[in-house]
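Written out below as structure tokens is the structure these notes cover.
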Amino acid sequence: MSVETLIADRTTLGHRLASDFEAEGKRALAARGTFTIALPGGSVASAFFPRLALLSFDWTRTESFWTDKRAVPPSDSESHYAAARSIWFEPAGVPDARIHRMPAEKTDLASAAHEYAEELRRIAGDPPCLDFVLLGVGSDGHVASLFPGRPMLSNERDLVAAVVDAPKPPPRRMTHSR
727 MSVETLIADR TTLGHRLASD FEAEGKRALA ARGTFTIALP GGSVASAFFP
777 RLALLSFDWT RTESFWTDKR AVPPSDSESH YAAARSIWFE PAGVPDARIH
827 RMPAEKTDLA SAAHEYAEEL RRIAGDPPCL DFVLLGVGSD GHVASLFPGR
877 PMLSNERDLV AAVVDAPKPP PRRMTHSR
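Numbering (this note's numbering), first residue to last: 727 to 904.
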């Protein structure tokens, strides 16, 4: 696998993302009959999800997961799920059964993380096979809800983990940890 760096404006990046997404999706659908993706929230979602909503794609065979989620209800304006639903899933007609939302609003966040990891394994295999993972990097250097200098980066062994002390609000979150 080669690595390519593309530095461009949002429009160019959006077109390239859509092109790469579509190509990887077609490859995965031809090879296995399903396309598994992991999605971020934040500025990446707001900048690029509307572009993905315009694709003519087989959403009935696309399984959507999250890289992380803030511990807020799914209807909250800070919810990554709520954002994706309004700017991508509803406009594109993505079936609800193919959207695997992190249940980070649950009181027992560790248990919710374990449940989500089991769902991920059940659908994407063990270890999970994710065909397309879209990530962003926060201004403080965090990716998903993995913050630089935090112990989780070196200590976590679970596939999905609870974060109870994120250095930026909200402090409670769920994240893929590996």
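We put the CB at the ideal spot given by N, CA and C, even for glycine.
Item	Value
With 16 other Cβ atoms within 10 Å as the buried cut-off, status of L872	buried
Pairwise C-alpha distance: G875 and T786	40 Å
Alpha-carbon to alpha-carbon, A756 and P893	42 Å
Where A734 falls, given that 16 or more other Cβ within 10 Å makes a residue buried	exposed
Proximity of E845 and H826 at Cβ, strictly below 8 Å	yes
Proximity below 8 Å, CB of L743 to CB of F774	yes
Bounding residues of the beta strand (DSSP E) (the contiguous stretch that carries A887)	886-889
Rounded straight-line distance, which links the Cα of K752 to that of Y807	24 Å
Close-in-space but distant-in-sequence residues of the same chain around V820 (CB under 8 Å, 5 per side omitted)	W785, T788, S790, W814
Local Cβ density within 10 Å of L765, reported as buried at 16 or more and exposed below that	buried
Beta-carbon gap between V889 and Y842 smaller than 8 Å	no
Buried/exposed call for G767, threshold 16 Cβ in 10 Å	buried
Boundaries of the beta strand (DSSP E) in which A744 is found, first to last residue	Run containing A744: none in the beta strand (DSSP E); it sits in the alpha helix (DSSP H), 736-758.
Counted within 10 angstroms of its Cβ, other Cβ atoms place L780 as buried (16 or more) or exposed	exposed
C-beta atoms of L856 and R898 nearer than 8 Å	no
For T833 and L861, the rounded distance between their alpha carbons	26 Å
T901 versus F761 - alpha carbon distance	21 Å
D794 (DSSP reduced to helix, strand or coil)	strand
Those residues which DSSP pairs with V863 across a bridge	Note: V863 sits in no beta bridge, so no partner.
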